[in-house]
Every structure is written in structure tokens, then in C-alpha cells.
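Numbering (the UniProt record's numbering), first residue to last: 1 to 240.
Below is one structure, written out as C-alpha cells; comments come after it.
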Ligand SMILES: Nc1ncnc2c1ncn2[C@@H]1O[C@H](COP(=O)(O)OP(=O)(O)O)[C@@H](O)[C@H]1O
Ligand SMILES: [Mg+2]
């Protein structure tokens, strides 16, 4: 089952791409000295930039350290994590928050060692209301007692308010930026929307940059930016 997952960090842990996710993990772990970063939300300005892919891989490498980790699909509009983990989405976050299903019944345990998964659940009529609710805030607080890391996949921040609302309840936000699709202004707009509600932006992940040089062909290249815009780490991965 686990071997079938199309998640590079599960399928190919030695791949340079998997290594790049570990660098991201390290950067997050060192991004804050004063405040423990336990819950991390991933968002982006638009769709298809790699939020779900990055969330899944980040959760796997967090769990890999032995830290009990949960990955929560907060994208009620285009849920994807149940597909990535080849599992059902009959009950998940929305059902738990609605009090219809217990957390214990909804959570999928050991999707990967040390990694639990909570899928999105049945789509509620108003996802923003759900994610911005006091119930959601309390739920995240409870998760902090059970898990060392909580990784939250969310919808794009520019289109709907879901991610903006949720950002108030998490320790940090990561902005996934697809280098090939997104205008710089869109990423800046996403950052501004998050900053406006007081979100703690840990940095940005530059995703899907294709590079070609000296006979090597690389398809993953990521930069990590500090929230003041400074480039604090650069990692380049090449593949033959
Ligand atoms: N680093 C990457 N390299 C190659 N393909 C990627 C990468 N990140 C995402 N993708 C692909 O791009 C598509 C959109 O990614 P996804 O994570 O679902 O985006 P989002 O959650 O932001 O909508 C998927 O088909 C995914 O497999
Ligand atoms: Mg997604």
C-alpha cells in the first residue's frame, strides 16, 4: 500500500527531491526561536501551485523524524489529500467539526509511520464559516496535545477567505509559489492578504521551477525566503 503512494518522500526517500523537503523541514524548525512552530498552514495565491503536494511531503518528512504528525485537509473546496493517500473521504474534518463523527473514528492512522491523516470530509455549505469558527480554533488546540506537528493544506488565499481566516489559528504559514505560473504580483497579493490578518508567514516555497544546465536536467528547485523577503537559504537539486 505505502509503496504505491505517489509521494516522492515515501516512494523515493533518497531522491534529491525528498532531500529538498528535508531542507524545508530544517528551515521551518529554525525559523523561530521564541515561539514553537507546531501548526503550519500551506497556502498559495492560486490553484495548482503545489499546496497539497508540498503539504503531503512536508508531513512525511516531519513524521520521519519520529515526531507524531497529523496532516489535515482544510481545502473543503478542492480536497485532494484523500486522493494522494489513496483513501476514502467519507468522513473527515467537516464531519468532526459538525459533531457527526468522533475524531477517533474519522482520523486515518499510520498513513505513513507516525503520520495520521484527517481528510476534508463532506463539503459543508460554507467552508469559510467552518474554518474560521471557534470550533476549528478549539479543535486545533486539542490536536496540539496529541501531535507534535500539525500540517494544514488549504485553498488558495486570493480566491476565497478560508485560508486567511484559518491563518489566525496556526503558528505559521508557508506560501507555496509556483514559479512557472504565477505572476510576482499574485504572490505579493497573497502575502499581503495574510499579513493583513496578522498571519505569521514563515516563508515561501518556490515550487515547480524547471532548470536545464550543462547536460543535467532538474525539475525541482526551491528557495526559501524569510518573511522579511531576505533569502535565507537556497537549495538547488539536479538530476541526470
Ligand atoms: N514540485 C513539483 N514537481 C512536479 N510536479 C508537481 C510539483 N508540485 C506539484 N506538482 C503537480 O502539480 C499539480 C498540482 O499540484 P497540487 O499539489 O495539487 O496543487 P494545489 O494543491 O496547490 O492545487 C499536481 O498534478 C502535482 O502532482
Ligand atoms: Mg490542493
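Built from N, CA and C at the ideal position, the CB exists for glycine as well.
Look up residue 189 in the DSSP assignment and say whether it is helix, strand or coil.
The residue given as residue 189 occupies position 189 in the chain shown. In this structure, residue 189 counts as helix in the three-state DSSP scheme.
In chain order, which continuous runs of the beta strand (DSSP E) of length 3 or greater are located wholly inside the stretch 9 to 47?
Fully enclosed beta strand (DSSP E) runs of 3 or longer: 39 to 43.
Spatial neighbours of residue 189 within its chain, please: CB distance less than 8 Å, with the 5 preceding and 5 following residues excluded, ordered by chain position.
In the chain shown, counting from the first residue as 1, residue 189 sits at position 189. Correct list, in chain order: 45 and 158.
Between the beta-carbon of residue 81 and the beta-carbon of residue 71, is there less than 8 Å?
Here residue 81 corresponds to residue number 81 of the chain shown, with the count starting at 1. Here residue 71 corresponds to residue number 71 of the chain shown, with the count starting at 1. Taking 8 Å as the Cβ cut-off, residue 81 and residue 71 qualify as a contacting pair.
I want to check one thing, is the minimum distance from the CB of residue 51 to the heavy atoms of ligand 2 below 7 Å?
Here residue 51 is taken as the residue at index 51 of the chain shown, counted from 1. Yes; taking the cut-off as 7 Å, the Cβ of residue 51 has a heavy atom of ligand 2 nearer than that.
In whole angstroms, what is the alpha-carbon distance linking residue 102 and residue 20?
Here residue 102 refers to the residue found at position 102 when the chain shown is read from its first residue. Here residue 20 refers to the residue found at position 20 when the chain shown is read from its first residue. If I take the Cα positions, the gap works out to 36 Å.
For a test of the three-state rule: what should DSSP assign to residue 108, helix, strand or coil?
Working through the chain shown from its first residue, we reach residue 108 at position 108. The answer is strand: DSSP assigns residue 108 an E or B state.
Can you check which of these residues, 112, 66, 98 and 104, is closest to residue 84 by C-alpha distance?
Residue mapping note: residue 84 aligns to position 84 of the chain shown, counting from 1. Cα-wise, what sits closest to residue 84 is 112.
Is the beta carbon of residue 162 within less than 7 Å of some heavy atom of ligand 2?
What you label residue 162 is simply residue 162 of the chain shown in a count that begins at 1. No, the beta carbon of residue 162 sits no closer than 7 Å to any heavy atom of ligand 2.
Taking 8 Å as the threshold (C-beta atoms), are residue 42 and residue 51 in contact?
Looking up residue 51 in the chain shown gives position 51. Looking up residue 42 in the chain shown gives position 42. In this structure, residue 42 lies closer than 8 Å to residue 51 by Cβ.
Could you work out which residue in 123, 142, 132 and 75 is closest to residue 104 when comparing CA atoms only?
Counted from its first residue, the chain shown places residue 104 at position 104. Ranking 123, 142, 132 and 75 by Cα distance to residue 104 puts 142 first.
So the candidates are 151, 178 and 179; which of them puts its Cα closest to the Cα of residue 167?
As a working mapping, residue 167 is identified with position 167 in the chain shown. Ranking the options by Cα distance to residue 167, first place goes to 151.
Between which two residues does the beta strand (DSSP E) carrying residue 244 extend?
With the chain covering only 1 through 240, there is no way to say anything about residue 244.
So for residue 122, helix, strand or coil by DSSP?
As a working note, residue 122 is residue 122 in the chain shown. Three-state result, residue 122: coil.
Can you tell me whether residue 129 is buried or exposed, with buried defined as 16 or more other CB within 10 angstroms of its CB?
Here residue 129 is taken as the residue at index 129 of the chain shown, counted from 1. Residue 129 should be labelled exposed.
Can you tell me whether residue 165 is buried or exposed? The criterion is at least 16 other CB atoms within 10 Å of its CB, across all chains shown.
The residue labelled residue 165 in the question sits at position 165 within the chain shown. Label assigned to residue 165: buried.
Candidates 133, 140, 91 and 106: which alpha carbon is nearest residue 123's?
Your numbering for residue 123 matches position 123 in the chain shown. Nearest C-alpha to residue 123: 91.
What would DSSP say about residue 7, mapped onto helix, strand or coil?
As a position in the chain shown, residue 7 is number 7, starting the count at 1. Here residue 7 sits in coil by DSSP.
What residues in its chain sit with their C-beta under 7 Å from that of residue 7, if we drop five residues either side in the sequence?
Position 7 of the chain shown, counted from the first residue, corresponds to residue 7. The answer, listed in chain order, is 56, 57, 60 and 84.
Quick check for students: name the residue ranges of the alpha helix (DSSP H) that lie wholly in the UniProt domain "AAA" (44 to 166), counting only runs of 4 or more.
Here the runs fully enclosed are 51 to 64, 81 to 84, 93 to 97, 103 to 106, 127 to 131, 134 to 146 and 162 to 166.
Can you check which of these residues, 176, 197 and 195, is closest to residue 204 by C-alpha distance?
As a working note, residue 204 is residue 204 in the chain shown. Per the Cα distances, 176.
Classify residue 125: buried if its beta carbon has 16 or more other beta carbons within 10 angstroms, exposed otherwise.
Sequence index remark: in the chain shown, residue 125 carries index 125 (1-based). Per the 10 Å Cβ criterion, exposed.
Using only CA atoms, which one of 68, 18, 29 and 37 lies nearest to residue 53?
As a working mapping, residue 53 is identified with position 53 in the chain shown. The candidate whose alpha carbon is nearest that of residue 53 is 18.
Would you kindly work out how many angstroms separate the C-alpha atoms of residue 161 and residue 107, rounded to a whole number?
Within the chain shown, residue 161 is the residue found at index 161, counting from 1. Within the chain shown, residue 107 is the residue found at index 107, counting from 1. Each residue's Cα considered, the two are about 26 Å apart.
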